[in-house]
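Worksheet: the structure to be examined is printed underneath.
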Amino acid sequence: MKILVIRFSSIGDIILTSPIVRCLKQQKQADVHFLVKKEFREILNQSPFIDQIHTYHNNLFELIKELKQHQFDLVIDLHNNLRSKIICFSLVKPYFSVKKENIKRLILINFGYNYLKKNVVEKYFDTITNLSVKNDDKGLDYFIKNTTKVEFNLSQKYIAWSLGARYHQKKLNIDQILSTIKSIDVPIVFLGGKSERKMGDMLIKKSQKSNRYNFCGKLTLDQSAMIVKNANVLLTNDSALMHIGCAFNTSIISFWGCTKPTLGFAPYNNKSLTIELISNVTKYPCSKHGSYCKVSEEGCIKQIDAKLIEETIIKMI
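Structural data, given as structure tokens:
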């Protein structure tokens with residue numbers, strides 16, 4: 425059986441598809457192909473459960489022409505947007521599409537009634553119930569390229585702190601982090617993209633401790649993943665590195681404000697300890713992706729007490 429799995433973006437969402445890809449390969453002995461946006465291909469390159477990766481980059485109809493040549497037996501659409509629907513219809517093959525449950529999300533966000541009872545991974549498996557593919561409960565996968573190296577002592581005890589998130593309303597601020605780390609003597613590595621580099625530099629400067637390291641915007645995703653994998657604990661906003669941490673069963677402290685774990689994207693099936701620190705200013709999410717906060721323009725995540733974060737870190741390390 426030749427199966428095409430579709431999930432175009434983003435990093436965290438693609439990682440959350442890894443259990444279904446693994447189970448399709450192992451339980452159905454399927455020839456698994458994966459369609460993703462070109463800029464996210466590297467996330468999948470090392471997976472032993474994917475036989476071929478296809479990438480989308482602007483020209484949808486050329487892509488469909490290429491996909492038709494592979495004569496898939498089945499398409500599994502884990503994105504379910506207009507683009508993926510066009511592909512499913514055009515391939516003229518049986519397909520399953522994930523239910524987006526947008527109405528249930530709106531009810532939760534606007535009225536506080538939670539009908540979203542499952543993690544998104546479990547929803548993915550619900551999509552292919554008719555295939556008799558079962559969740560093996562082995563969690564998420566992320567595979568690091570064998571040649572990846574980092575100029576940092578990974579054997580020491582240290583904390584990895586992911587500063588990034590898609591929107592600033594989903595990020596802790598500098599004052600929260602500085603107040604938290606002032607009495608923490610364990611080395612701390614700050615991770616993030618180029619947009620977090622300035623914040624990382626300020627944290628290094630103001631913390632006035634030699635065992636603080638700013639790697640924001642300086643590492644590949646695999647290098648960041650390697651640091652997360654070997655950390656004693658990962659501190660993270662609702663972001664991709666949180667899901668990578670779960671893939672390696674790293675102990676996690678996650679921070680939640682405008683988004684909440686009830687939306688279905690909580691740390692999934694981590695065999696190590698995970699603690700969710702949730703802003704209690706609002707009992708339910710402010711928005712679907714965290715771009716809007718009902719309480720403050722800066723985001724209600726800024727209301728999480730630094731002392732609480734510090735105490736939680738001490739428990740974990």
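With positions in the sequence shown counted from 1, the corresponding number in the working numbering is that position plus 424.
A virtual CB, placed ideally from N, CA and C, is assigned to each residue, including glycine.
Under 7 Å between the Cβ atoms of Gln593 and Cys682?
It is a contact, given that the beta carbons lie within the stated cut-off.
Do Arg446 and Phe473 have their C-beta atoms closer together than 7 Å?
yes
Take every Cβ of the stretch 434–446, pair it with every Cβ of the stretch 519–534, and state whether three or more of those distances are shorter than 8 Å.
no
Can you check the stretch 604–648 for any beta strand (DSSP E) of at least 3 residues that lies completely inside it and give the ranges in chain order?
612–615 and 636–638
I'd like to confirm the pairing. Which residues does DSSP put opposite Ala584 in its beta bridges?
Val613 and Leu658
For the candidate residues Pro443, His457, Lys452 and Ser442, whose alpha-carbon lies nearest to that of Val429?
Nearest to Val429 by alpha-carbon distance, out of Pro443, His457, Lys452 and Ser442, is His457.
Have a look at Glu700 and Val613 and give me their C-alpha separation to the nearest angstrom.
Glu700 and Val613 have their C-alpha atoms spaced approximately 20 Å apart.
Nearest by alpha-carbon distance to Asn559: which of Glu546, Phe689, Asn570 and Asp565 is it?
In terms of Cα proximity to Asn559, the closest of Glu546, Phe689, Asn570 and Asp565 is Glu546.
Exposure label - Leu697; buried when at least 16 CB within 10 Å
exposed
Can you look up Glu700 in the DSSP assignment and give me helix, strand or coil?
strand
Kindly give me the distance between the Cβ atoms of Ala664 and Asn543, rounded to whole angstroms, as I take these residues to be in contact under 8 Å.
Their Cβ separation, rounded to whole angstroms, is 16 Å, which puts Ala664 and Asn543 out of contact at 8 Å.
Per DSSP, which residues does Ile427 bridge with? Please list them.
Note: Ile427 is bridge-paired with Val456 and Leu498 in the DSSP secondary-structure output.
Please classify Glu620 as buried or exposed, where buried requires at least 16 neighbouring CB atoms within 10 angstroms.
buried
Hey, is the stretch 460–470 in contact with the stretch 563–583, meaning 3+ C-beta pairs nearer than 8 Å?
yes
Look at Lys718 and Thr736 and say whether their C-beta atoms are less than 7 Å apart.
no
Ile477 (DSSP reduced to helix, strand or coil):
Residue state, collapsed to three classes: strand.
Is it right to say Asn661 is buried, meaning 16 or more other beta carbons lie within 10 angstroms of its own, or is it exposed?
buried
Can you find the residues in the same chain that come closer than 8 Å, C-beta to C-beta, to Asn673, ignoring five residues on each side of it along the sequence?
Gly563, Asn694, Lys695 and Ser696
First and last residue of the uninterrupted alpha helix (DSSP H) at Tyr519
Per DSSP, Tyr519 belongs to no alpha helix (DSSP H); it is in the beta strand (DSSP E), Tyr519 to Ser521.
Taking three-plus beta-carbon pairs below 8 Å as touching, is the stretch 547–556 in contact with the stretch 489–506?
yes
Look at the alpha carbon of Ile427 and the alpha carbon of Thr479, and state the distance between them as a whole number of angstroms.
15 Å
Measure the C-alpha to C-alpha separation of Asp610 and Cys670 and round it to an integer number of angstroms.
Here the sequence assigns Val to residue 610, which means Asp is not the residue at that position. Cα-Cα distance, rounded: 22 Å.
Taking Ser678 as part of the alpha helix (DSSP H), name the residues at either end of that continuous run.
Unbroken run through Ser678 is the beta strand (DSSP E), Ile676 to Trp680; no alpha helix (DSSP H).
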